[in-house]
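Here is the structure we will look at, set down as structure tokens.
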Amino acid sequence: MALTFASIDQTVLDTLKPGGKNYWAMILLVFLGLMGGVACWAYQIFVGIGVAGMNNPIHWGTYLINFVFWVGIAHSGTLISAILHLFRAGWRNPIARAAETMTVFAVCTAGLFPFIHLGRVWMVYYMLPFPNQRTLWPNFQSPLMFDVVAISTYLTVSSLFWYTGMLPDLAIIRDRATGLRKKIFTVLAMGWTGEHEVWRHYIRIYLFFAALATPLVISVHSVVSWDFALGIAPGWHTTIFAPYFVAGAIHSGLAMVLTLMIPLRKIFHYEKIITVKVLEAVAKTIIFTGLIVGYAYATEFFIAWYSHNEVEISVFKWRAVGNYRVGFWIMVTCNTIAPLLFFIKKVRTSLVWLFGISILVNIGMWFERFVIIITSVGHDFIPHAWGLYAPTVIEFGIMIGAFCLFFLLYLLFVKHLPSVSMTEMKETLEEGGGHGG
Amino acid sequence: MKRRTFLKLAGMGSLSFAAGCSDPQKSIYSLVEAPDDMVVGNATWYASTCRECPAGCGILAKNREGRVIKLEGNPLHPINIGTICMRGQAALQALYNPDRIRTPLLKQGGAWRPISFKAAQRLIMSKTGEAAQKGRNRVRMVTDTPGDSIYQLMNGALGRWNSGRAVVFEPFAYESLRKANEDVFSVDRLISYRMEDADVLVAFGADFLETWLSPVEYARKFKEMHAFRNGDKGVFMAVGPYMSLTGANADAWLPCRPGGETAIVLGLIGEALQNGRGTGVRDFVRDIIQRAAEPYSRARVMEVSGLSPSQYDSLKERLFSARRPLVLGTGTGDTGGNSFQTNMAVNLLNAVLDPKLAQFDFESRQRVEMASRRSEILALFAELTEGAADVLMIHNVDPVFQLPPGSGARAAMERDALFVVSFSNFMDDTSRLADLIFPTRMPLESWDEYEGKKGFVSMLQPAIGQLTDAPQIGDVLLNTAFTEDKPAGSYKSYLMARLIQAGLIQDERTWLEALRTGGVTSGSGDSATKWFIPYTVSDAFHSVADPVTQELVFIGMPSIRFFDGRGANRPWLVEIPDPITKVAWQTPLLVHPETVSAKGLEQGDVVKIQSKQGSIEAPVYESETVTPGVLAMSIGQGHGTYGRYAENQGINPVSLFPPDAEPRFGGPRFFIHPVSMHRTGHRTDLAHTDGSRIQHGRKIALSTSLENAQSGQRDPGGGLTMWDFPITLPLPEGYDRKRDFYPVIEYENYRWSMVVDLDRCIGCGACSAGCYAENNLGVVGEKQVLNGREMSWLRVERYHDPEQMEKITFLPMMCQHCDNAPCEAVCPVYAPHHSAEGLNNQIYNRCIGTRFCGQNCPYKVRRFNWFTWQWPKPMHLQLNPDVTVRSKGVMEKCSFCIQRIKAARNAAKNENRQIRDGEIVPACVQTCPTTALVFGNLMDPNSRVRRLVEDARAYQVMGYLNTKPAVIYLKKVVHEI
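Taken in order, these protein sequences are the chains called A and B. Just add 37 to wherever you are in the first sequence, counting from 1, and you've got the numbering used here. Just add 437 to wherever you are in the second sequence, counting from 1, and you've got the numbering used here.
What follows is the structure, encoded as structure tokens:
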């Protein structure tokens, strides 16, 4: 049976039926995980950041690893919905909504980590440029201030973009809902009437948003990379970091899209909407980003050798053969070698392989951040001060809590808001391409 | 709910939230009636004497609002001239120790019952009275090295109790050295040495930078002869089975077999006589010496000692070409069996090389010479075990810990019939076995005098009001031994009367003057030295034991941190790592890498070492600072009970040593063989603070040859790489358009800077301890040191030379106060702040704890408060009120002692002048025994720092990062030996 407007509506609206026992059990599970993380954080605030494993010289640990990891995840959502929209890549339509949602929630999760990381989180408002008697301002020279601006901008734009794109779908739900649900969706749909004039405005604004969000995809992770690249530590202080981080972010984001889409497709019977072809297209992009990332790894080593800088060489040697070599080789294998399997058609069309490799890339990208953040300062200029680091139970608790927060939000989303854009799917049927413009 | 109510509740809620997050308000009380000499905010300084070891350095105790907060060396004191070691710094932590016993404890039915001081004195009176009636010598007393006055009073009191003199017990009593001095110079004494005059110095184990005789004094004198000055520097060579900090500071450490030193010295004597040296020695004496040296041919020396021919030759060459040679004997302990013979041979060698013995000072003798020999101590305990006395008084010593098991101390103490009074402030291993623990005042709370070295009687006066109600030991004796005919009403008046009687002071005025300056000069000791070569000299050498060739020898090393163990409950001393191993809190076993691999071990493996006496388990630390086959361990830790910082912390090597004394000189052995070493299968993470032992070819701790230093050749400086980057002073002149993007930072009057002369640094760690004391640094404990969270603002980095691992360079590393500081740019809230005088200030209140500064600091000198560190009461009384106590979540680091800079500025401002050079002395600079650190204003063209940075040896650590550090290092100058 071919897709029709009605069947698209029906498939999507079916996902919004009240969840069963399993659904609520999962919600409970991730909620408990989240509460565990919250408890760990509260304990850390009360006792001191020392309950985590950081030390001198490794002042930054899993909190910033997770921060960068989640910011990275947040990237492909906008890439898929904005950049691919501008490029008229039709295959993006079925997954754009889910990917964008992932972006919004991942930014929210990422945004928590700088707070968790702070030694005195109760003083965090010092980072705001509020007028005060002592005329003290934040230091706009600091990459951390760049971060504040970049992340908050990204969160704002991606949330608005996400919401704007959802408007017609919200109206569809409103039209079929009754009771309280109708009232809520009436508010959310913001008086959408479906008139020609409304559509015209909508299409314009969506396009503008896409154009506005596109540079953010590049800039946000570039700014995050400057947290490191503007530092002096060997292994950080390099010009390659911005493109390297952006590629890595998209790499991890695409992998996360696969990780989320494949179960979603199965559970919500989206097989006709999110076709294997779509997943295949994602997999092909992952090959591309994986190769960029691999190239960046190689470049780093080459430049370290080429620089003749003893300190730089020592750090990179240590990465490959030192105490954290396992993390390094996980990173290399998962991020650059595993995606190469997607060259094989059978692999990239097999759901099991797609899912498995996407998980590997996620793990690999987490370790990439581990390797970058831990091994550089752990082995920098003064050998006497070299040190090692291992995360503690509290850090694992917070890490699990963060994953639970993300999945809690996502689980709530898929049952309460349309996880596939009905509007865009219909456009795909009509034109075989993106809407508007 | 009404709108107003809602607002009220919301307001209250946020207020209570805000209040809940900050520390509760603490009350500040002010004194209603302050003592006359107390001005709030101003320090009062009291001169006194350090009693942490028998050397007796002069100290100044800084009193703020009634509490002693810092000890510094007394610049007027002839022994230490203004500096003290880390043990001296940590004396405060004995005073304020949270485990200090506050009231007498009486053991009843196995439990301790607190009693009043009066009751305790009555008990002593009745026990001693009973004992005195039973007969002669029924009361005994064992004390650490006392001053003359208190010793006289002790003996007077013992006389009242119908008993003999008090026994002075020092675990390090230099018996072999005394015996050697007696046999060669006929003085059973510990003389001192004019080390500063020597041009070549050789030590056969004497660890004069750590514990030997008077370490602060000798550290200073050593650098007077050994620091690069006027284009030259003396030579120092150390010979011994293990290196020690002293050996690490030698131009060459020549490893020999334990006990092989004698052969080397005798070999040298033989060659010296052959070379026609020793002409000033009387013929018959020379004959005797020659005969003694005869068996030690060159080949035999090599064979016996394990020295290589080239090492032996270089030693010989340097020593024989010296104009003013000085040879020192064995260290504090006997570490190889021939300690006495070595010391004797060393005395003879000195006489042969320099018959006038110009570097020997027979008059200035060390007070520790009054200590009883170990054999006498053992005899005392043997007698006591047999019931020779009824009362034993123990003052300030811990024989149960310090003597090997089986030496009789424990057996004597455990005898029910012996009433043991321990005049101790701590529940140490000895006090635990006592019947009555009677805490007495500590030296910093007491009136007394002490003449650590003949020629200067150093005063002790209370530098603080009393922390406990404890009386002074002198008052206890006056109250208990004398009833109606007391020699004085109080010990203070007794002391004054005695000093007047001795002619040291005349009246109240001279007494006050002596207190103010720290002491009075006294007459010199008798200097009658006779050449006394009894025929036993040759006998002595007949009995030279062959060096230990057994596979494994276990050696105990006296520790610069704990001395004989008395320092083990001072948290600073436990926290500051050992200078050589950089291990804190634990007692590792030093094993040569060859032995480690031969035994199939790895660093951190816990091994069991078994001797005839017992066994210990300790983690292995691979170290080239011991010879293969030697297992070396620091003495001082492993107390069964001695407060929270010492209890079950580390291991006590003494428990492996033989209990008896060496018959020839009556001293203890600090070594044992055979021992066996077995793996236990456990592993320990070593709490070491270093990340790497070598500097991986980086521009960190540099050295230069003497020739280069003499030529004044500078490093090339035209490039941008690590080795050819120029020195970039943190002044406008250090900026160059080619290298610098940001504008020059201009200063008006001051740009603070420090110069560190690596040629003078001996790595002793006194600076670090001074910093802990001055700046309220937290002590984090073993677990957090393992986590890499020690808080020291100043660490002494120890780097081995990868090509010759036994060559070590020390480098004190603290905040470099960069002009172009990487930490300043990255903080989002400006908590690191560049001051108008170039200081890199850390604003604690502004810090939110992103730790970006710590990440970005290339020197890794920033320390983060991972927790709110604790100062268990009354330790908090030591905190410096001029320095903020940091709480959890903020970054901190060396401030160049900004509180002292502020004080100097205020003083200068009051007098309407500029701050003078040398007026500001940061705590580390103040206490450095070798003046390796100099602080001053780089803007002043005449300041010492300004002149020193012009030195050709000047460089900046990792200067190529263009951080423009304000700490400038001077390269160490090494002899190519």
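Note that beta-carbon positions come from the ideal geometry of N, C-alpha and C, so glycine has one too. Quick caveat: nothing in here was measured; it's all calculated off a predicted structure.
{"Check": "List the whole-angstrom C-beta distance separating A/H18 from A/G327, where the pair is believed to meet the contact cut-off of C-beta under 8 angstroms.", "Outcome": "Given that chain A is displayed from residue 38 to residue 474, the structure contains no residue 18 of chain A and the question cannot be resolved."}
{"Check": "Could you give the residue range of the alpha helix (DSSP H) that holds B/Q545?", "Outcome": "That residue, B/Q545, is in no alpha helix (DSSP H); its beta strand (DSSP E) goes L542 to Q545."}
{"Check": "Residues in the stretch 632 to 658 of chain B with C-beta within 9 angstroms of chain A's C-beta atoms, listed in sequence order?", "Outcome": "none"}
{"Check": "Could you give the DSSP three-state label for B/D912: helix, strand or coil?", "Outcome": "helix"}
{"Check": "Would B/E647 and B/P1025 be called neighbours here (beta carbons separated by less than 8 angstroms)?", "Outcome": "no"}
{"Check": "For B/Q1363, which of B/P512, B/K439 and B/M475 has the nearest alpha-carbon?", "Outcome": "B/P512"}
{"Check": "Below 6 angstroms CB to CB, which residues in the same chain sit around B/A484 once its five sequence neighbours on both sides are set aside?", "Outcome": "L497, N511 and G955"}
{"Check": "List the DSSP bridge partners of B/G677.", "Outcome": "B/P692"}
{"Check": "So if I threshold CB-CB distances at 7 angstroms, which residues from the stretch 1381 to 1412 of chain B count as touching chain A?", "Outcome": "M1395 and L1398"}
{"Check": "Of the residues B/A1146, B/C1204 and B/D865, which one's Cα is nearest the Cα of B/E1084?", "Outcome": "B/D865"}
{"Check": "Kindly list the residues whose CB is nearer than 6 angstroms to the CB of A/A286, restricted to its own chain and excluding five residues on each side of it in sequence; keep chain order.", "Outcome": "G109, H112 and H258"}
{"Check": "Pull the bridge partners of B/V653 from the DSSP assignment, please.", "Outcome": "Partner(s): none; B/V653 has no beta bridge."}
{"Check": "Are the Cβ atoms of B/R804 and B/G493 separated by less than 8 angstroms?", "Outcome": "yes"}
{"Check": "Between the C-alpha atoms of A/S413 and A/A266, what's the straight-line distance to the nearest angstrom?", "Outcome": "11 angstroms"}
{"Check": "Please state whether the Cβ-Cβ distance between B/L710 and B/A730 is less than 8 angstroms.", "Outcome": "yes"}
{"Check": "Using a Cβ-Cβ cut-off of 8 angstroms, state whether B/C458 counts as contacting chain A.", "Outcome": "Bear in mind that the predicted position of B/C458 carries a pLDDT of just 48, short of 50, making it too unreliable to give a figure here."}
{"Check": "Identify whether B/V805 lies in helix, strand or coil by the three-state DSSP scheme.", "Outcome": "helix"}
{"Check": "Could one say the Cβ of A/E347 lies closer than 8 angstroms to chain B's Cβ atoms, at least one of them?", "Outcome": "yes"}
{"Check": "Under the three-state reduction of DSSP, which class applies to B/E1219: helix, strand or coil?", "Outcome": "helix"}
{"Check": "In the stretch 1254 to 1272 of chain B, which residues sit with their C-beta less than 7 angstroms from some C-beta in chain A, listed in chain order?", "Outcome": "P1259, A1262, V1263, C1264, P1265, V1266 and Y1267"}
{"Check": "Throw me the rounded Cβ distance for the B/Y887 and B/G584 pair, which I believe falls under 8 angstroms.", "Outcome": "4 angstroms"}
{"Check": "Would you say the stretch 314 to 323 of chain A touches the stretch 373 to 393 of chain A, given that touching needs at least three Cβ pairs under 8 angstroms?", "Outcome": "yes"}
{"Check": "Could you name the residues of the stretch 1177 to 1192 of chain B whose beta carbon sits closer than 9 angstroms to any beta carbon of chain A, in the order they occur along the chain?", "Outcome": "none"}
{"Check": "With 16 as the cutoff for other CB atoms within 10 Å, does B/I1338 come out buried or exposed?", "Outcome": "buried"}
{"Check": "Chain B partners of A/M164, CB-CB under 8 angstroms?", "Outcome": "P1265, V1266 and I1285"}
{"Check": "Can B/R550 and B/L543 be called in contact, C-beta distance under 8 angstroms?", "Outcome": "yes"}
{"Check": "For the stretch 1105 to 1130 of chain B, which residues have a beta carbon sitting closer than 7 angstroms to at least one beta carbon of chain A?", "Outcome": "D1127, G1128 and S1129"}
{"Check": "Under 7 angstroms between beta-carbons, which chain B residues line up against A/W97? List them in chain order, please.", "Outcome": "R1288 and Q1292"}
{"Check": "If we count the other Cβ atoms within 10 Å of its Cβ and call it buried at 16 or more, is A/T322 buried or exposed?", "Outcome": "buried"}
{"Check": "So what does DSSP say about B/D1177, is it helix, strand or coil?", "Outcome": "coil"}
{"Check": "Take A/A333 and list the residues in its own chain whose beta-carbon comes closer than 7 angstroms to its own, dropping the five residues that flank it on each side.", "Outcome": "I277, Y281 and A284"}
{"Check": "Would you verify that the beta carbon of A/A422 is, or is not, closer than 8 angstroms to some beta carbon of chain B?", "Outcome": "yes"}
{"Check": "Taking Cβ positions, are A/P455 and A/I269 nearer each other than 8 angstroms?", "Outcome": "no"}
{"Check": "Looking at the ligand FAD, does it come within less than 7 angstroms of B/N686, judged from the CB to the closest heavy atom?", "Outcome": "The ligand FAD is not among the ligands present in this structure, which contains no ligands whatsoever."}
{"Check": "Within 10 Å of its beta-carbon, does A/I82 have 16 or more other beta-carbons around it, so buried, or fewer, so exposed?", "Outcome": "buried"}
{"Check": "What are the boundary residues of the beta strand (DSSP E) that includes B/S1113?", "Outcome": "S1113 to R1120"}
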